[in-house]
Amino acid sequence: PLGTLPLHKDHQLQFKMMEAAYYHLPTPADSERLNIYLPRTPVPTPQHYPQQQLPLYDTVEFYQRLSTETLFFVFYYMEGSKAQYLAAKALKKQSWRFHTKYMMWFQRHEEPKIINDDYEQGTYIYFDYEKWSQRKKEGFTFEYKYLE
Amino acid sequence: NDCDDPPGLQEKTEFLLKDWVSIYNQSNNLSRETKIFTSFVQKMNMYGILKTDDLITRFFRQATQICIDLVYRILNDPSNSPLQARTKIFHWIDAFVHLIALLVRHSGEAGNPTTKINLLNKVLGIVLGILLQDQELHGTAFQQLGYHRFFVMLFLELSSPDAVLESLMLSIMTAFSHTYHLLNPALAPGFCYAWLELISHRIFIGRILAQIPQQKGWPLYSQLLLDLFRYLAPFLRNAELAKPVQLLYKGTLRVLLVLLHDFPEFLCDYHFGFCDAIPPNCIQMRNIILAAFPRNMRLPDPFTPNLKVDMLAETATAPKICSNYVFNIQPANFKKDLDSYLKARAPVTFLSELRSHLQISNEPGSRYNIPLMNALVLYVGTQAISHIRSKNFVPNTSNIAHSAHMDIFQNLAVDLDTEGRYLFLNAIANQLRYPNSHTHYFSCAVLHLFAEANSEAIQEQITRVLLERLIVNRPHPWGLLITFIELIKNPIYKFWDHDFVHCAPEISRLFESVARSCM
Amino acid sequence: LGNDLTGLGLNLNSQESLHPTFAGPFADHPCRVQDVECNVPTEYLIN
Chain A
93 PLGTLPLHKD HQLQFKMMEA AYYHLPTPAD SERLNIYLPR TPVPTPQHYP QQQLPLYDTV
153 EFYQRLSTET LFFVFYYMEG SKAQYLAAKA LKKQSWRFHT KYMMWFQRHE EPKIINDDYE
213 QGTYIYFDYE KWSQRKKEGF TFEYKYLE
Chain B
2 NDCDDPPGLQ EKTEFLLKDW VSIYNQSNNL SRETKIFTSF VQKMNMYGIL KTDDLITRFF
62 RQATQICIDL VYRILNDPSN SPLQARTKIF HWIDAFVHLI ALLVRHSGEA GNPTTKINLL
122 NKVLGIVLGI LLQDQELHGT AFQQLGYHRF FVMLFLELSS PDAVLESLML SIMTAFSHTY
182 HLLNPALAPG FCYAWLELIS HRIFIGRILA QIPQQKGWPL YSQLLLDLFR YLAPFLRNAE
242 LAKPVQLLYK GTLRVLLVLL HDFPEFLCDY HFGFCDAIPP NCIQMRNIIL AAFPRNMRLP
302 DPFTPNLKVD MLAETATAPK ICSNYVFNIQ PANFKKDLDS YLKARAPVTF LSELRSHLQI
362 SNEPGSRYNI PLMNALVLYV GTQAISHIRS KNFVPNTSNI AHSAHMDIFQ NLAVDLDTEG
422 RYLFLNAIAN QLRYPNSHTH YFSCAVLHLF AEANSEAIQE QITRVLLERL IVNRPHPWGL
482 LITFIELIKN PIYKFWDHDF VHCAPEISRL FESVARSCM
Chain C
29 LGNDLTGLGL NLNSQESLHP TFAGPFADHP CRVQDVECNV PTEYLIN
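Residue numbers (the working numbering), protein chains in the order written: chain A, 93 to 240; chain B, 2 to 520; chain C, 29 to 75.
Encoded structure:
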């Protein structure tokens, strides 16, 4: 029973502005931190690929079953996500330790020669994310102050 | 007003901003930023930027302007793909925002929030001012991207887990809510889509509605929703929705559905103000709000045969109404007359003058003062409930009759034209929600009006108002369902005897299908 | 009849809250787990 109501002049102006804005809408990525490796808009994959998340995919147990390289991949390429967090947890459970100065993961290769309460010195395996491979470092001093 | 900026300030600002942007984008470990930040602040000091509050203001204004000019330059450069353009823009704005966040976090002494919040308000105010100026300047060529990115990133920065910021959460949310209110689509229509993104960002909603203690964020958020409804109203008021309106409307429905699912109590508490702002013809959107009910409440199936609604314990409790709606009953002498009429049914002229208070024009479609109508109906209803309760009765369709309150409702039903009566019946139907004393009383009231109507036109219109709320897609408010079911089931209303029930085959079919589902 | 609100991309029957994964008013599906930021130690933010 109210019928239609013609737009007032100021409403017409508002509509014109709204209409103009309609042609450059925000995208979901605009509201997120820049994330080069995790594009916000999903990439369509063939239907016969798994489309759903696997059950229990966001638990540490799940990550512990992944290979070490995969864990490093997740840690370096899915920055700031829960996956990164869980990958770090799984790596720690495998005696990897994150060195904040070098931003790399280290694992003891053997019992260190020197251990005191500031550092330990010995041979370590570290993960070189530039060459994407594990390497051995002899006589390396692992300072505790850089232990995350 | 940058014409009286001290000479060289623009160049200094540009130099410092560029310097910071490159530092920010190269630092590959934000955790070492305090060192970087402190040295940068010293540089700012060296350039005399931090000497006075006024200089700081000018610095931020200049820096913001530089970023915004950059946005327009990059967006108007055809060689950039949309993604490239965004990445370039975000490198600048994210860096600038990060600097602001660090300054807010480190400004003033530890434990003294005022300096921090003042700085935040200053910066928000500057960007707000530049946005509004920009919109004036560019008109339909206005670009929202830079501002959207600025607000969302600054909000995310200041929402990251940090003991100092956590303690400031309410002040930070208040600062952002006020800024968004001042940027509401009616004032910044060119920013309306970004604005809706900002006020419905999941972290913004999480903080303002869930994490701030004692629901102190709720009034802030209700103001923003009101802004949105008021902006949309003239465009939703007419059935034809242009594409830009459709998109914003659909977005609003999504936000309301999230609120209905996660914060139904919020919708319950603020429903009255929302219904004032939502055009009467927006039935589905309004139903989303009216369908909300407190999560700890179990609603009996409205289709249960012989449901004794008045036996429900909840019908004794009044719902929370977070709106000082009585204030809408103006002018003051009208309110005075109303109260005296409710008390003593005098002055006798009150009823005959009622319409003249409600009618504000002769424009079809906008003849009546809707907020006054809504407030009047709710006020009279609440007075009726307390009047009946004071005599230790529970309101029902018979003891609500023969009272000053019902006089007023009868008068409105009979004296108003179709438009006015539609708004009056809407005002009642807007109270048919989850089990509470208002739902119960108004359910009885509308049924009583139907039973006592002296013309079939009134009965038909009551039916239409209820029906139009029922035939839209779900959700449907509980109170609406039980009222309509009572109307078609209870023989005292002789519902099926009225020819408007049979005025067309599809209408009869419609009623029968509703009846079948509840009988 | 208005919109079919179940077709707006929100899982209205979800036991979990919707707002933590709400992808915005113009998105027609919620955020995936990897879209939602997680609070990791700042040392991990290596860029």
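Note that the Cβ used here is the ideal one computed from N, Cα and C, for glycine as well.
Asked: Please return the same chain residues whose Cβ sits closer than 6 Å to the Cβ of CYS323(B), not counting the five positions on each side in sequence.; Found: ASP270, TYR271
Asked: Report back the beta-carbon spacing between ASN288(B) and VAL473(B) to the nearest angstrom; my notes put them in contact at under 8 Å.; Found: 6 Å
Asked: Starting from TYR169(A), find everything on chain C with Cβ-Cβ shorter than 9 Å and list it in chain order.; Found: Here the premise fails: no neighbours, minimum Cβ distance about 10 Å.
Asked: Measuring only the C-alpha atoms, how far is GLY49(B) from TYR168(A)?; Found: 40 Å
Asked: To the nearest angstrom, how far is it from the Cα of VAL515(B) to the Cα of LEU355(B)?; Found: 36 Å
Asked: With 8 Å set as the bound, which would you pick, yes or no: does the beta-carbon of GLN43(B) sit closer than that to a beta-carbon of chain D?; Found: Checking the listed chains, one finds no chain D in this structure; the protein chains it contains are A, B and C.
Asked: Find the residues of chain C that neighbour ASP263(B), judging by a C-beta separation of less than 8 Å, and give them in chain order.; Found: SER45, LEU46, HIS47
Asked: Taking the alpha carbon of PHE50(C) as the point to measure from, which residue in GLN226(A), SER123(A), GLN106(A) has its own alpha carbon closest?; Found: SER123(A)
Asked: Does DSSP put ILE361(B) in a helix, a strand or coil?; Found: coil
Asked: Quick one, are the C-beta atoms of HIS47(C) and ASP228(B) less than 8 Å apart?; Found: no
Asked: Short check: CB of SER53(C) to CB of LEU379(B), under 8 Å?; Found: Rather than Ser, the amino acid found at residue 53(C) in this sequence is Pro. Contact flag unset, no.
Asked: For a minimum of 3 consecutive residues, which ranges assigned as the beta strand (DSSP E) are wholly contained in the stretch 153 to 226 of chain A?; Found: 188 to 191, 196 to 200, 211 to 220
Asked: Based on the DSSP secondary-structure assignment, which residues constitute the bridge partners of LEU239(A)?; Found: HIS191(A)
Asked: Would you list, in chain order, the members of the stretch 142 to 173 of chain B that have their beta-carbon closer than 9 Å to a beta-carbon of chain A?; Found: ALA142, PHE143, GLN144, GLN145, LEU146, HIS149, ARG150, VAL153, MET154, LEU157
Asked: Would you tell me roughly how many angstroms separate the C-alpha atoms of GLU212(A) and TYR218(A), rounded to the nearest one?; Found: 15 Å
Asked: Does the stretch 63 to 74 of chain B come close enough to the stretch 117 to 135 of chain B to have 3 or more Cβ pairs within less than 8 Å?; Found: yes
Asked: Check whether the stretch 4 to 14 of chain B touches the stretch 42 to 62 of chain B, counting contact only when three or more Cβ pairs, one atom from each stretch, lie closer than 8 Å.; Found: yes
Asked: Are the C-beta of GLN285(B) and some C-beta of chain C separated by less than 8 Å?; Found: yes
Asked: In the DSSP assignment, find the unbroken alpha helix (DSSP H) run with ASP102(A) in it and report its ends.; Found: 101 to 114
Asked: For the alpha helix (DSSP H) that GLN331(B) lies in, which residues bound it at each end?; Found: Note, GLN331(B): premise wrong, no alpha helix (DSSP H); not H, not E.
Asked: Might you give, ordered along the chain, the residues of its own chain that have their beta carbon closer than 6 Å to the beta carbon of VAL310(B), omitting 5 neighbours on each side?; Found: ILE483
Asked: Output, in chain order, the set of chain C residues within a Cβ distance shorter than 9 Å of THR151(A).; Found: Within 9 Å Cβ-Cβ: nothing; THR151(A) doesn't reach chain C, min ~12 Å.
Asked: Taking only three categories from DSSP, how would you classify LYS228(A)?; Found: strand
Asked: Any idea which residues DSSP pairs PHE234(A) with across the strands?; Found: GLU212(A)
Asked: In the DSSP assignment, find the alpha helix (DSSP H) that holds THR115(B) and state where it starts and stops.; Found: 114 to 139
Asked: Just to check, is the beta-carbon of GLY207(B) closer than 7 Å to a non-hydrogen atom of the ligand MN?; Found: Questions concerning the ligand MN fall outside what the structure shown contains, since it holds no ligand whatsoever.
Asked: Closest to THR318(B) by CA distance: which of PHE41(B), VAL395(B), THR253(B) is it?; Found: VAL395(B)
Asked: What separation, rounded to the nearest whole angstrom, lies between the Cα atoms of ARG470(B) and ASP102(A)?; Found: 31 Å
Asked: For the alpha helix (DSSP H) that contains CYS68(B), what are its first and last residues?; Found: 54 to 76
Asked: Taking DSSP's pairing of strands, which residues face TYR369(B) in a bridge?; Found: GLN360(B)
Asked: What does ASN77(B) reach in chain A if we use C-beta pairs closer than 8 Å?; Found: Per Cβ cutoff of 8 Å: no residues; ASN77(B) is ~12 Å from chain A at best.
Asked: Below 9 Å between beta carbons is the criterion; list the residues of the stretch 206 to 224 of chain B that meet it against any residue of chain C, in chain order.; Found: ILE206, GLY207, LEU210, ALA211
Asked: Quick one, which residues of the stretch 245 to 275 of chain B are near chain A if we go by CB-CB under 8 Å, in chain order?; Found: PRO245, VAL246, LEU248, LEU249
Asked: Look at the alpha carbon of ASN427(B) and the alpha carbon of ILE386(B), and state the distance between them as a whole number of angstroms.; Found: 19 Å
Asked: Contact criterion: CB-CB distance below 8 Å. Does GLU240(A) meet it with respect to chain C?; Found: yes
Asked: Identify each residue in the stretch 497 to 515 of chain B for which the Cβ-Cβ distance to at least one residue of chain C is less than 9 Å, and report them in chain order.; Found: none
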